[in-house]
Every structure is written in structure tokens, then in C-alpha cells.
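First residue of the sequence shown? That's 1 in full-length UniProt numbering, and the numbers climb one at a time after it.
The structure appears below as C-alpha cells.
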Amino acid sequence: SVSFFSEPVLIDTLQDKSSPVGLAWFEAKQKIAGQHQQADNTKPVNSIFICSLCSATDPCHFDGICPNTSHTCNCTSGSSGTLCQVPPTSNGLCDTYFNKREHGYDGGDCCIHTCISTDEYTCGKDKTGLFNVGYDTCEIHSCKDCWRESAPSLTFKQLIVAYISLSANGRVLALIDSVSQSVHVYDSDGSNWVMRGASVTNVLSPTTDSVSISSNELEMKNEDILPQITVAVKNNASIAVYVWNGILWEESSSGISTQ
Numbered sequence: 001s002v003s004f005f006s007e008p009v010l011i012d013t014l015q016d017k018s019s020p021v022g023l024a025w026f027e028a029k030q031k032i033a034g035q036h037q038q039a040d041n042t043k044p045v046n047s048i049f050i051c052s053l054c055s056a057t058d059p060c061h062f063d064g065i066c067p068n069t070s071h072t073c074n075c076t077s078g079s080s081g082t083l084c085q086v087p088p089t090s091n092g093l094c095d096t097y098f099n100k101r102e103h104g105y106d107g108g109d110c111c112i113h114t115c116i117s118t119d120e121y122t123c124g125k126d127k128t129g130l131f132n133v134g135y136d137t138c139e140i141h142s143c144k145d146c147w148r149e150s151a152p153s154l155t156f157k158q159l160i161v162a163y164i165s166l167s168a169n170g171r172v173l174a175l176i177d178s179v180s181q182s183v184h185v186y187d188s189d190g191s192n193w194v195m196r197g198a199s200v201t202n203v204l205s206p207t208t209d210s211v212s213i214s215s216n217e218l219e220m221k222n223e224d225i226l227p228q229i230t231v232a233v234k235n236n237a238s239i240a241v242y243v244w245n246g247i248l249w250e251e252s253s254s255g256i257s258t259q
């Protein structure tokens, strides 16, 4: 009986090597007497193998240096780990190495409230109560047009609301704005309401379409995590469902026909 299986390894393929590093792993199904034990492909394992010594086939990440004598990575750019695979965080520094597209513009603390702004880089977000208010990315000053503000200055006075839905706990509301012909979601932050992300979606008929909202009230116990939200937008022909992925709104299905 074994606990885990790797993905299938076929002869003369890229996976055909003696090292298990880089393979996907799955939990094993329950052992049945007289039968071969199988992998449960519905239960992938998030952990991966990391070598403790660096080499030509297992190099140091993020420009780390691998000495020929000790084969122990000398990490640079503030990274850590046996292969320098862990990016720097929570040191208050916006590391320019990681503030690039391939690293999601996450230069250490660039996009969280512990960041310390410098003349070259501006921190992405400031924590205000329940929310991190500011920018989802924090690029160089010459790319300010690339920034996307997560809490726009729009107020309810500027809206012409055609339809509104309030969550059961009264902390989240969804509305259809006739002016922009779009659906917005707002979170309660004390006496203020803060728009979550950009518009959920656009609507063709603001006066006849409707919106409903469902939130997980239990998640409000963690003050650092916005509650999971599901928004359903109904028009004459279909219902579209959207979920919050922590950064933006995503449609969870191709739509439900109402005809």
C-alpha cells in the first residue's frame, strides 16, 4: 500500500528521467485486496519536491548563485529557501526584481500595506479598515496609466440605480446603474461603501434586467479576507452567474437559459 502516485511517466518523453522533481502527484485510492492500487486523479497534491542542493539541473531561482564547492544556493534579491524559490515578503521593501510582469508585479511588499514607498516605486495598496485601498499593481512612475484603481471615487449620488439587491448580512449590495448600464458590487466599511473591483458586467436593458447577490457571512470573521460573493444577473433570455476570485469578477458558467 502506498499513499501517493506520480503522474504517468512514458518512455522517451520529457518526464522520462530518474528524478521525481517536476512531476505532478496525486493521493492514492484505497487499497483493495487482490487489485493494483491506483492514483485518485481527483485529489492532486499541492506539494512539490525541492532539492536541498543546487546543480545544473536544479538551479537556484531568482538569480541565486550555486557555488561549485558547496552546492548550497546563495540567494539574492531577498529570496529564500534551499533553491531560493521563496520570494521576499513582509520586509517593507518593494523589490524591483519582482516588480515585473512575469512575477505579477508583486515586488515583495509592493502591493500590500506593509510596503514603504520610495522615489522610484510607489506602494500598491494601503489598508483602510477591512479593505486594501489603492492599486492592484504597482509599476514604475512612467507606467501610471497601467495602474488600475481598486476603489474608484464613484459615489452613490452619481448613480441612477435601476435595481438593487442587499446580502442577508447587510454588508454587501449589488446594483444596476442605468447611466453606465453595468452591475456594481459594494462592501460596507463602517459608514462607507467601497466598490469591489471593476464592474461585474454590462447589461443591455438596465430597467428590465435584475440582479441578486449571495455572500458567505462566516468569512466576515476574518477581517483580512473579503467574503466570497456570488452575483446572478438576469435578463429576458438568460441568467449569468459571476464569482469574485480575489482580484476581479469571473463568469462561472456559460449562462442559464430562462426560455
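All C-beta atoms, glycine included, are put in the ideal place defined by N, C-alpha and C.
Since we're looking at a predicted model, the values are computed, not measured.
Where residue i sits in the DSSP three-state scheme
i	result
Val-179	coil
His-184	strand
Leu-10	coil
Lys-234	strand
Ala-28	strand
residue 271	Look at the range of the chain in this structure, 1 to 259, and you will see that residue 271 is not part of it.
Ala-198	coil
Ser-153	Because the pLDDT of Ser-153 is 40, which lies under 50, any placement of that residue in the model is unreliable, and the question is left without a value.
Ser-212	strand
Asn-245	coil
Asn-74	strand
Pro-44	strand
Val-203	coil
Asp-189	strand
C-alpha distance - residue i paired with residue j, whole-angstrom precision
i	j	result
Ser-180	Arg-196	16 Å
Pro-67	Ser-79	17 Å
Ile-239	Ala-39	38 Å
Ile-164	Phe-62	48 Å
Thr-76	Pro-20	27 Å
Pro-87	Asn-74	14 Å
Ala-33	Thr-13	33 Å
Trp-244	Gln-228	7 Å
Ala-162	Ser-212	13 Å
His-71	Glu-250	44 Å
His-184	Leu-166	12 Å
Gln-30	Asn-46	20 Å
Asn-169	Thr-230	14 Å
Ile-50	Ile-247	29 Å
Spatial neighbours of residue i in its chain, beta-carbon cut-off 7 Å, leaving aside the 5 residues before and after
i	result
Asp-16	Val-9 and Leu-10
Ser-52	Thr-82
Val-2	Ala-28 and Gln-37
Lys-43	Phe-26 and Glu-27
Pro-59	Cys-66
Neighbourhood of residue i by C-beta, 8 Å cutoff - its chain only, sequence neighbours within 5 removed
i	result
Ile-160	Asp-177, Ser-178 and Val-179
Asn-41	Phe-26
Own chain partners of residue i with C-beta closer than 6 Å, once the 5 adjacent residues on each side are dropped
i	result
Leu-23	Ser-6 and Glu-7
Ser-182	Ser-199 and Asn-202
Arg-171	Ser-188
Ala-56	none
Integer Cβ distance of residue i from residue j, believed to fall under 8 Å
i	j	result
Ser-205	Asn-235	6 Å
Closer than 7 Å: residue i CB and nearest the ligand ADP heavy atom
i	result
Cys-54	Among the components of this structure there are no ligands whatsoever, and the ligand ADP is therefore not found.
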